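Numbering (the numbering used here), first residue to last: 4 to 865. Below: the structure, in structure tokens.
In structure tokens, the structure reads:
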């Protein structure tokens with residue numbers, strides 16, 4: 004309050020959302036006893052309600068019904084954010100304390116300048132005192148305060164209601180009555196200044212990086228349960244309201260660099276952030292959510308969220324288009340979305356297309372203009388023209404579904420089923436919100452396998468081959484045999500390696516290659532056909548773990564596995580020296596270059612007496628019992644133990660002075676080799692550790708990339724094909740389930756066409772991602788040739804957003820490419836980072852969901 008005014012100085016008043024006061028008053032006996040009666044005023048335009056030459060914002064307060072004391076009517080219970088309460092400081096403290104019960108010191112919080120904006124009002128009254136004129140002048144207020152006041156009162160599409168529970172306006176009128184109006188005196192000289200504090204909601208806290216001094220911590224669960232209707236939110240220094248028309252449109256929004264704000268990653272939420280950015284840059288949605296969309300909130304729809312999801316999305320969209328480029332943390336939106344679709348609770352990675360489907364469905368239900376959905380009985384086509392049946396289906400659909408999502412995203416396709424037995428024809432016309440297109444890739448798969456010799460004459464070599472996707476192991480071996488120039492007297496044994504162990508041999512030629520995943524590691528061993536009757540011997544490696552810092556390991560020893568298992572045949576009588584010699588022979592190609600300078604005959608390495616003498620009298624623990632220490636001498640720098648195929652059980656140490664007892668019909672002998680630490684320096688261990696994955700995108704970038712056009716994907720989607728055995732159709736003529744043939748056709752196209760590329764394939768054996776490059780049009784997607792009807796609507800589209808997925812099924816990252824109309828260029832939205840990107844670079848094999856908008860011809864004169 005101005006000290007010069009007749010009102011009591013310091014009697015500050017607060018303008019808060021009416022809902023705050025009402026719910027605090029209902030939940031508190033103290034509040035219920037005080038301040039329950041108030042006077043409602045209607046804030047109406049004064050003249051055009053525009054800023055005058057003097058930069059004054061002028062409006063009038065009209066007392067509602069002429070009653071001095073009046074409780075709110077049922078229709079004014081605060082659920083519209085156009086209704087506010089003017090209350091005293093103590094009552095405001097109760098309202099804020101109720102709104103956020105985590106605040107420990109409400110008084111200090113009320114003094115936070117970031118949450119309260121002081122506003123000076125000039126109040127004048129006519130002689131009959133039935134009308135009060137309010138002026139908000141720039142010279143009385145700081146720029147930020149003036150902008151906030153303009154946001155509150157500059158909407159001429161609906162009235163603003165202010166409940167005065169502080170009696171300050173009433174007192175001002177009484178004091179003005181005592182001022183004598185002089186003839187010819189300007190009315191502005193007969194004014195009283197009233198100081199009002201605009202209070203902002205604590206839900207403005209969206210980032211943990213903001214100053215805790217002004218913003219108390221609010222748990223996400225509490226934020227999620229907070230009511231939206233009527234609350235004011237701070238965003239980048241300006242007040243935003245959930246339910247009120249800012250009177251803006253897309254053209255005015257895009258006159259600045261707004262719309263280039265990133266979203267903070269809350270923990271594996273890149274899938275959500277990329278989807279939000281694509282939708283938040285859909286022109287029709289931007290225009291809609293910057294308007295008075297709250298008028299269409301459906302609070303009666305049991306399939307929706309009582310409008311909470313739509314309000315949360317609308318607020319987030321407005322923040323993304325507000326001036327400034329500080330990244331926003333979408334905590335509240337994620338909480339609301341998780342309430343609608345519980346699978347998105349937590350911080351696990353999810354599929355972006357799945358989130359889009361649930362989000363669009365949730366927004367539709369929250370904004371459905373149909374309050375009571377009628378029962379609609381589907382009629383059989385009965386030979387009627389398709390145009391008549393399609394229109395009937397569409398009318399029935401709109402009778403139950405009518406929202407902005409339906410207006411811009413829903414299309415219609417024709418589904419035709421034919422019984423293979425009686426030729427019964429069934430035609431239906433179903434709506435769609437997006438098109439999921441298959442990728443008609445070639446039937447070949449690229450695989451990399453490393454080939455090892457079993458005679459010690461060559462180093463391992465990786466080979467990349469193409470095999471049929473539906474092929475088997477014999478196809479893989481055949482392609483690999485050609486690539487590595489396999490001799491006629493040789494055969495290949497393929498094994499899958501994991502954690503330095505062979506987990507399985509691919510010995511069955513009929514096994515499907517679909518069992519092999521892209522992230523697997525395969526080794527193939529060249530074996531002599533002349534030795535097929537002898538058992539295999541598999542050498543696995545381990546060495547002392549020097550990284551262990553525990554004292555007990557210093558005395559007992561700690562060992563770790565390393566390297567790729569080496570395989571050969573075990574001919575003749577199995578003895579310790581033979582096993583040692585075979586192993587040293589296999590290690591020959593891995594000798595370090597410096598070893599080749601030794602004056603040693605290479606052939607002597609493989610004679611009966613072993614290799615050159617090495618000082619290897621080190622004493623290491625017995626592997627049969629790591630808890631005790633027994634003296635064991637290394638033989639040529641190695642110790643050999645019989646073990647099982649997983650090296651989990653130590654059977655016995657292989658002695659150098661006796662035979663090895665093999666069980667009858669034993670086809671494989673597994674030997675664990677312990678390396679002396681000095682031997683680790685004599686061999687190229689890094690080469691022994693190298694084994695590439697079956698398919699690693701990026702490492703094979705030099706290979707020709709498989710490519711397909713978007714039109715080919717569309718043709719595959721519309722191609723007639725039989726239903727699967729699990730999708731049998733019940734034929735009404737045969738009265739039996741039949742494997743009918745199905746054909747889809749596009750019938751009605753939406754304003755916004757969302758195309759989902761089915762990159763992820765699922766079957767009973769494995770899950771894979773297709774990294775195929777899809778060549779999609781950017782400016783001129785023409786679907787006229789794919790429509791089954793003669794539509795009068797334009798059928799050409801332009802691309803405006805792309806959702807990208809990088810990585811594989813096990814994990815990955817999502818980003819969005821979005822076209823910004825004002826900047827006339829594309830931007831890469833990678834969580835909180837927003838950077839420009841050339842249009843030449845937006846096409847890639849990472850494209851996952853495409854967003855197109857219909858191209859409408861410009862009318863004359865525009």
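Backbone N, C-alpha and C define an ideal beta-carbon position, used for all residues, glycine too. Note that this is a predicted model, so its numbers are computed, not measured.
| Asked | Found |
| --- | --- |
| Cα-Cα separation, residue 340 to residue 475 | 44 Å |
| Short CB-CB distance (under 8 Å) between residue 530 and chain D | Chain labels in this structure do not include chain D; a single protein chain is all it has. |
| Contacting residues, own chain, Cβ-Cβ under 6 Å from residue 786 (five flanking each side not counted) | 798 |
| Burial state of residue 521 (16 or more Cβ within 10 Å) | buried |
| From 338, 841, 753, residue whose alpha carbon lies closest to that of residue 272 | 338 |
| Own chain residues within Cβ distance below 6 Å of residue 344, not counting five before or after | 361 |
| Burial state of residue 867, where buried means 16 or more other Cβ atoms lie within 10 Å | With the chain represented from 4 up to 865, any question about residue 867 goes unanswered, as that position is not in the structure. |
| CA nearest to the CA of residue 92, picked from 200, 134, 63, 150 | 200 |
| Three-state secondary structure assigned by DSSP to residue 324 | coil |
| Pairwise C-alpha distance: residue 399 and residue 379 | 6 Å |
| Residue 275 versus 287, 318, 347, residue with shortest Cα-Cα distance | 347 |
| Completely contained alpha helix (DSSP H) runs for the segment 345-392, where each covers 4 or more residues | 355-369 |
| contact_flag[the segment 654-662, the segment 400-410] where n(CB pairs < 8 Å) is 3 or more | no |
| Residue environment, residue 332, which counts as buried when at least 16 other CB atoms sit within 10 Å | buried |
| CB contact flag (residue 439, residue 759, <8 Å) | yes |
| Inter-residue CB distance, residue 538 and residue 573 (contact presumed, cutoff 8 Å) | 5 Å |
| DSSP three-state assignment for residue 519, whether helix, strand or coil | coil |
| Length of the line joining the Cα atoms of residue 744 and residue 429 | 11 Å |
| Under the three-state DSSP convention, the category residue 849 falls into | coil |
| Classification of residue 1 by the beta-carbon crowding that lies within 10 angstroms, buried from 16 upward | One cannot answer for residue 1 here, as it falls past the ends of the chain, which runs 4 to 865. |
| Unbroken beta strand (DSSP E) run spanning residue 18, endpoints | 16-20 |
| Option nearest residue 806 by Cα separation, candidates 491, 280, 449, 718 | 280 |
| Cutoff 6 Å; reference residue 59; Cβ partners in own chain excluding five residues on either side | 138, 140 |
| DSSP three-state assignment for residue 306, whether helix, strand or coil | coil |
| Runs of alpha helix (DSSP H) lying entirely within the segment 428-469, each at least 4 residues, in chain order | none |
| DSSP state of residue 135 mapped onto helix, strand, coil | strand |
| Residue from 670, 516, 514 with nearest C-alpha to residue 535 | 670 |
| Delimiting residues of the alpha helix (DSSP H) encompassing residue 278 | 273-283 |
| Pick from 16, 416, 524 that is closest to residue 174, judged by C-alpha positions | 16 |
| Helix, strand or coil at residue 426 according to DSSP, with G and I counted as helix | coil |
| Residue burial classification, residue 640 (beta-carbon count within 10 angstroms, cutoff 16) | buried |
| One or two residues paired with residue 421 in a DSSP bridge | 428, 744 |
| Cut-off 6 Å between Cβ atoms - residues of its own chain near residue 648, not counting five sequence neighbours on either side | 673 |
| Span of the alpha helix (DSSP H), counted from its first residue to its last, around residue 580 | 579-590 |
| Separation of residue 42 from residue 855, as counted between CA atoms | 52 Å |
| Coil, strand or helix - residue 396 by DSSP | helix |
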